[in-house]
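Trainee:
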Amino acid sequence: MELRKDYFADVRKDGLHEIGQPRPRLDSPGHVTGKTAYFADRNFPGMLHLKMVRSPHHHARIRSIDTSEAEKHPGVVRVLTARDVPHNVYTILILIQIGPEDETVLADGKVRWKGEAVVAVLAETERAAQEAAAKVKVDYEVLPAVFDMEEAVKPGAPLVNEYHGQNYYLYDSGECRKVRFGDVEAGFAQADHILEQSYQSSPIEHAPTETTGCVVAPEGNDRFTCYTNTQAMFFTLDNTSIILQMPGSKLHFVGGTVGGGFGGKVDVIVEPIAILGAKLTGRPVSFVYSREEEMQISSPRAAEKVVIKDGVMRDGRIVARKVTGYTDAGAYSRHSPYGAQKGAAHYPGPYTIPNVWIDTYCVYTNRTPSSAMRGFGVTIGDFALEVQMDKLARLIGMDPLEFRFVNAYRDGDMKAHRQPTEGAALIECMQEASRAANWPVAEKYMAMSSYRKGA
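Take any residue in the sequence shown, count from 1 to its spot, add 10: that is its number in my numbering.
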């Protein structure tokens with residue numbers, strides 16, 4: 011790695027002891043010597059194993075649930091349904107006042123995606139739990155399902171989630187998160203060229219080496235220790251407290267070591283039901299996803315669709331940008347309303363554009379609920395924006411890197427969401443990229459600075 015200290019020397023503080031200094035990760039020795047302890051390394055006497063009965067349908071009404079045969083199966087200790095969960099309807103982001111609560115811990119009256127948890131079985135062995143789960147009888151009335159985001163928001167589409175009342179998240183700005191800056195139609199009228207393109211992605215599974223799970227041990231006095239691989243320790247603890255209607259002081263969460271997460275382990279999925287099982291049986295409980303469950307049940311990166319319409323001048327200036335973005339939340343919100351909102355703020359890209367119009371929708375479908383994954387809400391948008399930039403450069407016959415120099419935002423430029431640009435350094439990054447890649451650009455671009463708009 012090379013540090014280029016000739017940039018921003020007048021505002022940078024040198025002589026720092028940590029920032030800018032190479033430091034070894036504190037957990038590296040344990041990882042490379044095999045001494046790191048993961049949640050599944052805990053094993054307690056009398057530990058029960060939890061397995062889920064899951065919906066085979068994408069959308070169905072539950073007519074009845076019969077657990078009698080499962081309860082008789084050898085080794086079964088307890089069977090749990092929705093009525094056993096103190097606060098069965100929740101949503102992860104309620105902790106930061108983003109509602110409504112729209113997801114069930116165990117399905118109650120309806121399933122909204124294939125794989126949704128319906129019944130939890132606790133047994134002496136993993137095999138006994140699996141065999142008993144197979145004996146649970148659920149009578150379903152299959153309902154029409156919707157899987158396409160644009161179809162989902164059309165009038166007459168099957169209603170996915172009654173807790174919302176429509177197939178999109180309702181922001182304070184309405185049916186979508188909106189950004190309005192300048193006059194986009196006037197910008198299009200001024201433009202020499204207009205280009206409109208659509209970009210689409212599919213859900214992406216994180217595929218961590220370690221599957222999602224936890225081990226719970228009762229500590230007496232109605233206190234429980236939960237060994238978990240969650241990436242969101244306090245979100246998980248606080249949501250568990252709400253779901254189980256227990257004070258947080260009764261819950262001790264131990265984590266910090268994750269065998270691969272990438273954002274996929276920020277949802278509150280396994281801990282509440284495992285702790286409830288331990289509470290109702292008085293015994294330790296292990297709940298660990300199989301590889302099949304990890305692939306089908308855990309939250310993927312959301313499928314997205316991005317439609318970008320740009321107006322550009324012959325000299326390379328983008329004078330108008332209109333973006334319509336769709337984020338597929340699946341059946342429940344989880345982190346998707348936040349992801350779609352991030353997209354709205356990001357879609358103009360790192361470019362100064364005088365006229366911007368953005369609508370981003372968080373849409374509900376009968377697919378696996380999506381959630382966080384490395385830069386969610388932004389990553390797919392970046393792909394779309396930068397491919398669009400290459401296409402625009404090609405349209406006007408301009409070098410794609412020089413085209414970006416023309417439009418790059420610099421300190422003091424007003425962004426579309428009305429925040430002034432500070433510490434941009436984009437010009438300098440592109441200059442170094444040009445040198446490193448041996449990509450020649452005109453000298454006037456190499457002389458630019460993020461400080462001076464005229465330079």
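Just so you know, even glycine gets a beta-carbon here, dropped at the ideal spot from N, CA and C. Here the structure is a predicted model, which is why all the values come from computation and not from measurement.
Specify, as a first and last residue, the run of the alpha helix (DSSP H) that Phe413 falls within.
Mentor: 410-417
Trainee: Name the residue from Met383, Gln429, Ser460 whose alpha carbon lies nearest to the alpha carbon of Ala217.
Mentor: Met383
Trainee: Between which residues of its own chain and Ile406 is the CB-CB distance below 7 Å, once the five residues before and five after are set aside?
Mentor: His203, Val322, Arg324, Gly326
Trainee: Extract the residue ranges of the beta strand (DSSP E) inside the segment 88-158, only unbroken runs of 3 or more that lie entirely within it.
Mentor: Here the runs fully enclosed are 127-133, 147-152.
Trainee: Taking the C-alpha atoms as reference points, what is the distance between Asn177 and Phe157?
Mentor: 11 Å
Trainee: Using three-state DSSP, classify Glu206 as helix, strand or coil.
Mentor: strand
Trainee: Where does Thr135 land, buried or exposed, given buried means 16+ other C-beta within 10 angstroms?
Mentor: exposed
Trainee: Mind checking whether Gly335 and Gly353 have CB atoms under 8 Å apart?
Mentor: In contact: Gly335 and Gly353 (Cβ atoms closer than 8 Å).
Trainee: Contact between the segment 274-290 and the segment 228-243: three or more CB pairs below 8 Å?
Mentor: yes
Trainee: So, helix, strand or coil for Ser74, using DSSP?
Mentor: Three-state DSSP puts Ser74 in a strand.
Trainee: Might you give, ordered along the chain, the residues of its own chain that have their beta carbon closer than 6 Å to the beta carbon of Leu395, omitting 5 neighbours on each side?
Mentor: Cβ neighbours of Leu395 within its own chain (closer than 6 Å, five residues either side excluded): Gly359.
Trainee: Pairs of beta-carbons, one from the segment 33-41 and one from the segment 221-234, closer than 8 Å: are there three or more?
Mentor: no
Trainee: Suppose contacts are defined by Cβ-Cβ distances below 8 Å. Is Val63 in contact with Val146 by that definition?
Mentor: yes
Trainee: Output the distance between the C-alpha atoms of His67 and Val295, rounded to the nearest integer angstrom.
Mentor: 28 Å
Trainee: Verify whether the separation of the beta carbon atoms of Tyr371 and Glu185 is less than 8 Å.
Mentor: yes
Trainee: Would you identify the three-state DSSP class for Gly335, choosing helix, strand or coil?
Mentor: Three-state result, Gly335: strand.
Trainee: Look up Ile328 in the DSSP assignment and give the residues it is bridged to.
Mentor: Val322
Trainee: Alpha carbon to alpha carbon, what distance is there between Thr101 and Gln107?
Mentor: 10 Å
Trainee: Determine, using beta-carbon pairs with one atom in the segment 310-322 and one in the segment 372-382, whether at least three such pairs fall under 8 Å.
Mentor: yes
Trainee: Could you tell me how far apart the beta carbons of Glu141 and His83 are, in whole angstroms, since I believe they sit closer than 8 Å?
Mentor: About 6 Å separates the beta carbons of Glu141 and His83, which is inside the 8 Å limit, making them a contact pair.
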